[in-house]
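Take a look at the structure below.
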Amino acid sequence: MAYRFRLISEVKYGHFGDYLKTWKKLDAITRDRGWVAARLLVPTAGSNNEIIAEFEYPDLATFERENKAFYADEEAFEAFRAGAEFLVQGTARSELYEDVPMEFPGSG
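Here the sequence shown is numbered in the working numbering, starting from 862 and rising by one per residue.
This is how it looks when you write it as structure tokens:
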């Protein structure tokens, strides 16, 4: 069963490029560590200046292992935190989705 994790935030107006610079540094670190790389998305319609970082994991154990490693990695966490100054405070949220089991009881 696969899991999809999303980090969703609103970037301050005039700072989208600044935020992307910090994200590029974080992306390089995560790739160097062999962790799942994020796909960055923006809404085609909807909230302005929203950015979504989406990570796809093969299972919950991989998500938990990489999440724990990330928080223990000073360089990675500092790169992540460097982007905070470009975000609108109070807009950041996370979501975690899992695949629907197709053999769900009663789905016959």
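Glycine residues also receive a C-beta, built at the ideal position from the N, C-alpha and C atoms.
Counting only runs of 3 or more residues that sit fully inside the stretch 865 to 922, the beta strand (DSSP E) segments are 900 to 902 and 911 to 918, in chain order. Burial state of residue 965 is exposed, judged by a 10 Å Cβ sphere holding fewer than 16 other Cβ atoms. The Cβ atoms of residue 918 and residue 953 lie no closer than 8 Å to each other. Cα atoms of residue 896 and residue 922: separation of roughly 13 Å, rounded to the nearest angstrom. Taking the Cα of residue 877 as reference, the smallest distance to any Cα among 946, 905 and 925 is reached at 946.
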